[in-house]
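Chains as they are written, first to last, in numbering that gives the first Met the number 0: chain A, 0 to 327; chain B, 0 to 320. Backbone N, C-alpha and C fix where the C-beta goes; we use that ideal spot for every residue, glycine too. In this text, all values refer to a predicted model and were calculated from it rather than measured experimentally. Let me begin by presenting the structure, written as structure tokens, before commenting on it.
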Amino acid sequence: MQNMRETSSNMPKRILIDTDPGIDDSLAILLALASPELSLEGLSIVHGNCSLDQATHNAVSILELAGARHIPVAKGCELPLVQPSLLAPETHGNTGLGYAKLPEPQTRPIRQHGSDFLIERIMSNPGEITLVAIGPLTNVALAIRQEPRIVNALKELIIMGGAIRHEGNTTALAEFNTYVDPHAAYIVYHAGIPTTLVSLDVSYQCVLTRPDVDRLLQIDSPLTRFIADTTRFYMEFHDEYQGVEGCVINDPLALALTFVPGLCNYQYLPVDVDIFSSVSLGKTFADFYNYNKKPANMQVALGVRARDFIELFLERMERLAKKTAKVS
Amino acid sequence: MTKRIIIDTDPGVDDALTFLLALASPEIQLEALTTTQGNVTLDKATRNALSILELCRSIHIPVAVGSMYPLVQPLRASAYVHGESGIGNSQLPAPQTRPVMAHAVDFLIEKILAEPHEISIFPIGPLTNIAIAIRKEPKFVKAVRELVIMGGAIQENGNTTPQAEFNIFVDPHAAHIVFHSGIPITLIPLDVTHKCLLRQEHVERLLKIPSPISRFIRDAMEVYLQASYEKGFQGSALHDPLTLATIIAPELLTLKEYYVDVDISGGVSMGKTFADIFNVMKKPTNMKVAMNVRGDEFVELFLQRMETLSRSITDYTVPHA
Numbered sequence: 000m001q002n003m004r005e006t007s008s009n010m011p012k013r014i015l016i017d018t019d020p021g022i023d024d025s026l027a028i029l030l031a032l033a034s035p036e037l038s039l040e041g042l043s044i045v046h047g048n049c050s051l052d053q054a055t056h057n058a059v060s061i062l063e064l065a066g067a068r069h070i071p072v073a074k075g076c077e078l079p080l081v082q083p084s085l086l087a088p089e090t091h092g093n094t095g096l097g098y099a100k101l102p103e104p105q106t107r108p109i110r111q112h113g114s115d116f117l118i119e120r121i122m123s124n125p126g127e128i129t130l131v132a133i134g135p136l137t138n139v140a141l142a143i144r145q146e147p148r149i150v151n152a153l154k155e156l157i158i159m160g161g162a163i164r165h166e167g168n169t170t171a172l173a174e175f176n177t178y179v180d181p182h183a184a185y186i187v188y189h190a191g192i193p194t195t196l197v198s199l200d201v202s203y204q205c206v207l208t209r210p211d212v213d214r215l216l217q218i219d220s221p222l223t224r225f226i227a228d229t230t231r232f233y234m235e236f237h238d239e240y241q242g243v244e245g246c247v248i249n250d251p252l253a254l255a256l257t258f259v260p261g262l263c264n265y266q267y268l269p270v271d272v273d274i275f276s277s278v279s280l281g282k283t284f285a286d287f288y289n290y291n292k293k294p295a296n297m298q299v300a301l302g303v304r305a306r307d308f309i310e311l312f313l314e315r316m317e318r319l320a321k322k323t324a325k326v327s
Numbered sequence: 000m001t002k003r004i005i006i007d008t009d010p011g012v013d014d015a016l017t018f019l020l021a022l023a024s025p026e027i028q029l030e031a032l033t034t035t036q037g038n039v040t041l042d043k044a045t046r047n048a049l050s051i052l053e054l055c056r057s058i059h060i061p062v063a064v065g066s067m068y069p070l071v072q073p074l075r076a077s078a079y080v081h082g083e084s085g086i087g088n089s090q091l092p093a094p095q096t097r098p099v100m101a102h103a104v105d106f107l108i109e110k111i112l113a114e115p116h117e118i119s120i121f122p123i124g125p126l127t128n129i130a131i132a133i134r135k136e137p138k139f140v141k142a143v144r145e146l147v148i149m150g151g152a153i154q155e156n157g158n159t160t161p162q163a164e165f166n167i168f169v170d171p172h173a174a175h176i177v178f179h180s181g182i183p184i185t186l187i188p189l190d191v192t193h194k195c196l197l198r199q200e201h202v203e204r205l206l207k208i209p210s211p212i213s214r215f216i217r218d219a220m221e222v223y224l225q226a227s228y229e230k231g232f233q234g235s236a237l238h239d240p241l242t243l244a245t246i247i248a249p250e251l252l253t254l255k256e257y258y259v260d261v262d263i264s265g266g267v268s269m270g271k272t273f274a275d276i277f278n279v280m281k282k283p284t285n286m287k288v289a290m291n292v293r294g295d296e297f298v299e300l301f302l303q304r305m306e307t308l309s310r311s312i313t314d315y316t317v318p319h320a
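In structure tokens form, the structure reads like this:
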């Protein structure tokens with residue numbers, strides 16, 4: 000609760016989300032829109048869970064669903080830096096949003112490239128912007144290389160990615176976002192930005208269950224129906240591939256830490272990603288015993304009050320569902 | 000038909016000689032220079048590019064500033080072979096002109112997409128700018144006419160590690176992106192550049208024409224020649240200028256089509272450029288590689304062009320408006 004107070008200043012925290020929606024991405028976007036502690040200033044879109052075009056389409060549709068079509072969406076990179084393209088239709092469905100079907104969006108993405116959008120927003124508001132990166136890090140890496148000054152102008156970077164002690168969800172060792180573009184992750188990890196890593200170690204404790212979704216469905220709203228349809232596919236995937244009952248909502252956890260950092264506990268660690276070998280390509284690892292004698296480059300979330308987080312997520316979704324139901 | 004080119008560059012002594020050769024060649028229309036780190040830091044590369052254009056009274060040619068770091072690898076201390084400033088002992092005045100506002104990556108994307116298939120790019124430094132342009136704007140690949148790249152060592156020794164050539168070693172990931180992009184590529188590796196040596200006697204021949212150009216070549220070459228002697232060469236390789244032979248004297252080059260790749264796996268061969276000469280990998284070819292050159296004839300052509308340029312630019316030539 001102390002942390003809640005810490006961040007409950009009058010000024011909402013200004014955030015950008017770099018994202019590949021994606022089922023849990025779309026829930027993270029909704030959580031941002033439902034949270035008065037935050038001012039969501041834009042989305043930059045990247046390949047990942049689905050193609051860039053599909054992800055952009057999904058992002059615009061989700062903003063419209065939540066009555067937030069004023070928020071700019073900028074299309075970024077359609078391919079990883081060095082590795083070949085890898086999408087995740089088995090996890091997120093062919094459209095990236097599981098069984099959900101949203102109306103054809105009326106708004107369009109802005110013309111600016113996603114990485115240019117990040118550069119411009121960050122450089123024109125130095126020390127103000129928190130970036131929540133919940134897809135492969137291609138856009139962020141490109142922005143760092145094209146405008147190295149964003150490293151010092153960013154207030155904070157929260158990354159959903161990696162598996163430190165937890166098993167991988169894409170290879171035995173590697174987590175999806177990091178595996179898809181390990182070279183981009185390497186660039187971002189070593190850039191010198193104040194970074195928090197939200198890895199599978201904590202996100203896999205945050206399981207949204209069927210009863211949780213049933214609770215949301217007590218509010219009759221396009222929003223709750225969307226959440227039910229999109230997560231039904233996600234739950235089937237988790238059941239079939241990983242034996243998990245319910246679904247893991249990785250990206251909303253990373254988003255929640257922008258305004259309730261106390262949900263997790265952290266350790267400052269030297270973290271790196273393997274970009275050279277074959278079996279451990281894309282493996283994110285932390286040097287807990289400091290064998291390599293390198294300074295810590297990020298704080299890693301290693302514990303989470305999972306049920307408190309799920310409860311927060313549900314309350315926010317109920318609030319947003321009531322609000323949008325009234326508007327429509 | 001003059002050929003329209005942009006040179007992506009990290010000047011660098013032989014980079015500077017490439018600008019001179021392009022400006023001295025009626026077959027070539029030099030549209031712009033885009034800079035990158037490599038032989039020197041980005042600041043010095045940009046300053047040198049502007050200064051050399053001013054020396055050649057060619058300030059109408061735009062310069063766009065590009066990448067300060069390689070894509071993934073750490074920044075490497077610049078090669079001493081080009082001297083502290085990057086252009087040997089030459090003391091060019093501080094440039095009066097300035098680079099354009101656009102980042103080199105965006106400049107390249109805009110220029111290439113505005114006139115598809117019209118402009119070739121000659122990357123003669125690390126390939127960072129080109130790689131970022133490819134990833135940022137996938138339409139770039141189909142719109143570039145051709146890349147003529149100075150880089151790699153196929154059957155020749157490396158000049159930076161035992162196996163790897165400098166430009167590719169500095170940013171092997173960028174080279175990997177560019178090699179596999181699908182853009183038509185001609186590669187000019189050390190295999191041929193080491194056969195095009197500019198020797199001290201050549202510099203003295205040029206000095207018979209009094210000109211800021213011949214004096215610049217003398218001053219720029221001093222350190223570069225010394226570094227070449229230390230490696231056992233009789234003169235300095237015209238690495239980067241040789242790329243322009245593809246336009247002004249293609250008959251001097253023997254080109255072979257190969258599947259070419261670069262090792263990015265981080266071991267002793269990091270940055271090694273290799274060609275599948277016996278096609279054991281059964282992959283389609285992705286570039287033309289210059290495997291032989293009539294080196295003495297290229298050097299003679301280079302000298303003649305430098306003599307013409309030196310005659311046309313004297314201490315009294317006014318800058319191009």
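The beta carbons of ALA99(A) and THR229(A) sit about 4 Å from each other, so the pair counts as a contact at 8 Å.
For TYR185(A), the C-beta contacts it makes with chain B under 7 Å involve VAL71, in order along the chain. Under the rule that a run must span 3 or more residues, the beta strand (DSSP E) segments found entirely inside the stretch 131-213 of chain B read 146-149 and 184-187. Straight-line spacing of the CA atoms in LEU117(A) and VAL298(B) works out to 48 Å.
Interface with chain B (8 Å Cβ-Cβ cutoff): HIS112(A) is included. Rounded to whole angstroms, the Cβ separation of HIS102(B) and VAL64(B) is 7 Å, and the two are in contact under 8 Å. Using beta-carbon distances, PHE275(A) counts as an interface residue toward chain B, with a partner under 8 Å. Assignment of GLY41(A) by DSSP, reduced to helix, strand and coil, places it in the strand class. Apart from the 5 residues on each side of it in sequence, VAL104(B) sits with its Cβ closer than 7 Å to the Cβ of GLY65, ASN128, ILE131, ALA132 and LYS135 in its chain, given in chain order. Distance check between THR242(B) and each of SER311(B), ILE212(B), ALA219(B) and VAL292(B) places VAL292(B) closest, using alpha-carbon atoms only. Residue pairing by DSSP places ASP7(B) opposite THR33(B) and PRO122(B) in a beta bridge. In this structure the stretch 71-89 of chain A touches the stretch 166-177 of chain B; the number of beta carbon pairs closer than 8 Å is three or more.
Within the stretch 6-34 of chain B, contact with chain A at the beta-carbon level (separation under 9 Å) is assigned to no residue. Within chain A, the C-beta atoms nearer than 8 Å to that of VAL104(B) come from GLN145, in chain order. Secondary structure of ILE149(A) (DSSP, three-state): helix.
Taking 9 Å as the Cβ-Cβ cut-off, the stretch 234-258 of chain A has no residue approaching chain B. In summary, the residues of the stretch 167-196 of chain B whose CB is separated from some CB of chain A by less than 8 Å are HIS172, HIS175 and ILE176, in the order they occur in the chain.
The Cβ-Cβ distance between LEU262(A) and PHE308(A) falls below 8 Å.
Taking C-beta atoms under 8 Å as the contact rule, ASP250(A) and ILE157(A) fail to qualify, at a distance of about 10 Å. Assigned with DSSP and collapsed to three states, ASN291(B) falls in strand. Only exposed fits MET280(B), as fewer than 16 other CB atoms lie within 10 angstroms of its CB.
Its Cα nearest to that of ASN48(A), the residue TYR233(A) stands out among ALA140(A), THR323(A), LEU256(A) and TYR233(A). Nearest Cα to ASN93(A) within the set GLY161(A), PHE236(A), ARG315(A) and ASN9(A): PHE236(A). Straight across, the Cα-Cα distance linking ALA236(B) with THR192(B) is about 6 Å.
Nearest to LEU96(A) by C-alpha distance, out of GLY281(A), ILE61(A), ALA67(A) and MET316(A), is ILE61(A).
One alpha carbon belongs to ALA190(A), the other to GLU127(A), and they sit about 18 Å apart. Using a Cβ distance threshold of 8 Å, ASN291(A) and THR194(A) do not count as a contacting pair. LYS138(B) sits exposed, since fewer than 16 C-beta atoms from the chains shown fall within 10 Å of its C-beta. Of all residues in the stretch 75-98 of chain A, the ones placed with a Cβ closer than 7 Å to any Cβ belonging to chain B are CYS76, GLU77, LEU78, LEU80 and VAL81, in chain order.
For GLU235(A), the enclosing alpha helix (DSSP H) covers residues 221-236. The alpha carbon of ALA320(A) has as its nearest neighbour, out of SER220(A), PHE275(A) and GLN241(A), the alpha carbon of SER220(A). Put simply, of PHE277(B), PRO98(B) and ILE27(B) the residue whose alpha carbon is nearest the alpha carbon of ILE51(B) is PRO98(B).
Residue-level contact by beta carbon fails for LEU172(A) and chain B, as no gap is shorter than 8 Å. DSSP lists no beta-bridge partner residue for LYS292(A). Between GLU174(A) and LEU199(A) a beta carbon distance of about 5 Å is seen, short of the 8 Å cut, so the two are scored as contacting. Between ASN138(A) and ARG13(A) a beta carbon distance of about 18 Å is seen, past the 8 Å cut, so the two are scored as non-contacting.
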